[in-house]
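These notes are about the structure you will find just below.
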Amino acid sequence: MKRKLTSLLMGAALAVVPVVSATLASAEGEKYVLVSHAPDSDSWWNTIKNGIALAGEQMGVEVEYRNPPTGDLADMARIIEQAAAAGPNGIITTLADFDVLQGPIKAAVDSGIDVIIMNTGTPEQAREVGALMYVGQPEYDAGLAAGMRAKDDGVTSFLCVNHAIQQPTVGERCRGFADGLGVDLGDSMLDSGTDPAEIKNKVLAYLSANPETDGILTLGPVSADPTIAALEENGMAGDLYFGTFDLGDEIVKGIKAGVIQWGIDQQPFLQAYLPVVILTNYHRYGVLPGNNINSGPGFVTADGLEMVEKFAGEYR
Amino acid sequence: MSETPTVAVTDDERVKEMSAFRKALIRPELGGICGTIIVFTLFLLFAHDSGMFNSQGIMNWSVVSAQFMIIAVGACLLMIAGEFDLSVGSMIGFAGMMIAIFSVTLGWPVWMAILVTFALCIAIGALNGYIVVRTGLPSFIVTLALLFILRGFTIYLPQTIERKTIIGGVADAAQGDWLAALFGGKVLTGLFSWLGEAGLIETFERGTRAGQPVVDGIPMLIVWALGLVVFGHVLLTRTRFGNWIYASGGDAQAARYVGVPVNRVKILMFMFTAFCATVFATCQVMEFGSAGADRGLLKEFEAIIAVVIGGALLTGGYGSVIGAALGALIFGVVQQGLFFAGVESSLFRVFLGIILLFAVVLNTYIRRMITGER
């Protein structure tokens, strides 16, 4: 027993030491922390991680990615407070819930840390918390544009597969889509959860209960991938009008195969990459763009998929 | 440490003489004390210059630890009484949402919203306990059901009433409310502004709060945590009811034979756990000003982990509130400390698992060594 315990101790100590020392021994440059609201399970944020890593490498600055493991926004507020206490040169963060996050963000700004809001939030909210700028895709507007496009293509009713029901900003996409389509959102927003098998079965159940549905909107790879599987299973693939937010391997394949009409690319790479570049140049030379930056929406269709396909899930 | 305990062959073992050293060792919180020392030593070595031990940093991990402490005290007493509550996390989300719905949507005064929510949640806790005691089903299953039921309502109610899953505006409603200040306020603000003026802690450099200290008081959350720890500790070690809790968890049937009202003890402990979860939720809602359907996810396991790190037995009848509080402190310090130390955040769960495993093995080992059980 004692020997086992000792070896366990040694093992734990050895496991801790290299990781800690490796991260402390990195570059001398400015230090930036990106805080997101995404739970560990959301693969979409991999692009963000790659984006800041590349920007950090190119600019010669130190970058870190932080997120609440379960996606609990109250935990995210603590992470922002923690990041501020660690005293980086800048914090890049999403503004997933204004009420929860405004306090910590304002405190960070007031303690002399420059903040850029990325991805979630609005330009108005970014200004209100004292951030330098907002880089992202205004959610409602993107949904509205998508809804108008679908209306032009003859869609009359739709199902919105929402895998992040607890994040109001993501739901704005559904609301925008409904308004663009000119229909009432009603019960067409489905709280799908994040488990692929559950999402697939919920979509199947909804479509058999509501056979008149002629359009589907998914809000990211988490809900899109199982929805593709569901449509392939019930034979509606290619028959339903299917649009999705964001890109990923399966979505790109779907667009190519004609299952998905379009994917809205908000170009997350830019949301991660640009703030690091902007903050670095601001801190080094004092230059700052005069306006917010819209990283999207961009509609990705079957035309010109080659570049997207090559980097899907990595930089796209 | 390595001597094997010899079984006393002399007289009654209840009045056996014990050395002071062994008496110190036999405490259930010993593992927690060792763990706390190890954790602080490690982070002082690896993260001392990262801001973790400046005023903001200390406040950061203290608040997180205090959050864990609040739910760990309830979970600890319940676990000693021989039961589990897996609905704690959902209860946190549910209680927060109820306060928001009562105060913002229905426009009740905040103090009333808080009191009604407390009554409602403690009643749900009592229901948990009643079902467990009446049916004899494992509390694991009963409270798992409540985990889903409460989470479902927490998403459904705001979706239906407000068409969104986060209800904000509680902060405005709570402005000047006497009871809200008891959960969301801060104490010793005068001391901290004096410290800021004296240059002992950092102050804001710019903005509307320029010149004010970065840490402007002790949040009520921490006061609640310490208060609950003291209450739980005194209850458990200094009162007859505390002995009943141990007895109910140790051997319920034997406890019944000697006249302990086991069912009442268990139901009361379920109610206390619900109370702790509601305190957590109320502090959170008052601090952040909004309630969200995702609040409190997985918190039930975090509470149980803190309690187990603190040396309690999953089978009941053994444990200590101080140990659970230390477990919560270890948990909070490690969670936030890994961020300060710059460890890749996806590794957090790996460390959590290692610490849990390590703590349980260490605790079991120490206990076996002391009691001589095999």
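Which chain is which? The protein sequence lines are A and B, in order.
Take 1 as the starting number for the first sequence in the UniProt record's numbering and just add one per residue.
Take 1 as the starting number for the second sequence in the UniProt record's numbering and just add one per residue.
In this text, a Cβ means the ideal position worked out from N, Cα and C, and glycines have one as well.
Exposure of residue i, with buried meaning 16 or more beta-carbon neighbours within 10 Å
i              : result
Asp49(B)       : exposed
Arg149(A)      : buried
Thr122(A)      : buried
Trp262(A)      : buried
Asn363(B)      : buried
Ala142(A)      : buried
Asp303(A)      : exposed
Tyr282(A)      : buried
Leu234(B)      : Looking at the sequence provided, one finds Val at residue 234(B) rather than Leu. Result: exposed.
residue 374(A) : As displayed, chain A neither begins before 1 nor continues past 316, which places residue 374(A) out of reach and without an answer.
Arg134(B)      : exposed
Asp187(A)      : exposed
Ile161(B)      : exposed
Pro297(A)      : buried
Asp216(B)      : buried
Asp75(A)       : buried
Asn128(B)      : buried
Ala210(B)      : exposed
Asp152(A)      : exposed
Arg66(A)       : buried
Ala107(A)      : buried
Gly107(B)      : exposed
Asp72(A)       : buried
Whole-angstrom C-beta distance between residue j and residue i, which should lie under 8 Å
i              : j         : result
Pro28(B)       : Tyr318(B) : 6 Å
Ala86(A)       : Gly51(B)  : 4 Å
Asp249(A)      : Gly313(A) : 5 Å
Gln271(A)      : Val135(A) : 5 Å
Leu356(B)      : Ile305(B) : 6 Å
Gly31(B)       : Ala359(B) : 6 Å
residue 402(B) : Trp61(B)  : Residue 402(B) is absent from the structure shown; chain B starts at 1 and stops at 374.
Val222(A)      : Asp42(A)  : 6 Å
Reduced DSSP category for residue i - H, G, I as helix; E, B as strand; rest coil
i              : result
Trp262(A)      : strand
Thr93(A)       : strand
residue 407(B) : For chain B, the structure presents residues 1 to 374; residue 407(B) sits outside this window and is missing.
Met286(B)      : helix
Gly51(B)       : coil
Asn363(B)      : helix
Asn291(A)      : coil
Lys266(B)      : helix
Arg316(A)      : coil
Ile166(B)      : strand
Ile116(A)      : strand
Ile38(B)       : helix
Val258(B)      : coil
Leu159(A)      : strand
Pro275(A)      : helix
Ile201(B)      : coil
Leu144(A)      : helix
Pro28(B)       : coil
Val109(A)      : helix
Ala291(B)      : strand
Gly298(A)      : strand
Leu132(A)      : coil
Pro158(B)      : helix
Leu305(A)      : coil
Ile218(B)      : strand
Leu188(B)      : coil
Pro213(B)      : strand
Length at least 4, wholly inside the segment 167-251 of chain A: the alpha helix (DSSP H) runs in chain order = 168-181, 196-209, 221-234
ask   = Which runs of the alpha helix (DSSP H), 4 residues or longer, sit entirely within the segment 46-77 of chain A?
value = 46-59
Proximal residues, the segment 250-272 of chain B versus chain A, C-beta separation under 8 Å = none
query = Which of the residues in the segment 197-218 of chain B, read from start to end, lie with their CB under 9 Å from any CB of chain A?
reply = Glu202, Thr203, Phe204, Glu205, Arg206, Gly207, Thr208, Arg209, Ala210, Gln212, Val214
key: Interface positions of the segment 67-84 of chain A facing chain B (Cβ-Cβ less than 7 Å), listed along the chain   = Asn67, Pro69, Thr70, Gly71, Asp72, Leu73, Ala74, Ala77, Arg78, Ile79, Glu81, Gln82, Ala84
key: Contacting positions in the segment 290-307 of chain B - beta carbon closer than 8 Å to chain A   = Ser290, Gly292, Ala293, Asp294, Arg295, Gly296, Leu297, Leu298
request  = Anything in the segment 147-174 of chain A with a Cβ closer than 8 Å to a Cβ of chain B? List those residues in chain order, please.
outcome  = Ile165, Gln166, Gln167, Pro168, Gly171
key: Where the segment 101-128 of chain A meets chain B: residues whose CB sits under 8 Å from a CB there   = Gly103, Lys106, Ala107, Val109, Asp110, Ser111, Gly112
task = Can you check the segment 296-362 of chain B for any alpha helix (DSSP H) of at least 4 residues that lies completely inside it and give the ranges in chain order?
result = 299-309, 321-340
query = the segment 187-218 of chain A: which residues have C-beta closer than 8 Å to a C-beta of chain B, in chain order?
reply = Asp191
task = Taking only beta carbons into account, state which residues of the segment 143-169 of chain B come closer than 7 Å to chain A, listed in chain order.
result = Ile155, Lys164, Thr165, Ile166, Gly168
ask   = Taking any Cβ of chain A, which residues in the segment 63-75 of chain B have a Cβ under 8 Å from it, in chain order?
value = Val63, Val64
query = At which residue ranges does the segment 76-143 of chain B contain complete alpha helix (DSSP H) runs of 4 or more residues, listed in the order of the chain?
reply = 88-100, 110-135
Near-chain B residues of the segment 28-53 of chain A - C-beta to any C-beta below 7 Å = Asp40
inquiry  = Using a Cβ-Cβ cutoff of 8 Å, what residues of the segment 86-102 of chain A are near chain B? List them in chain order.
reply    = Ala86, Gly87, Asp97, Phe98, Asp99, Val100
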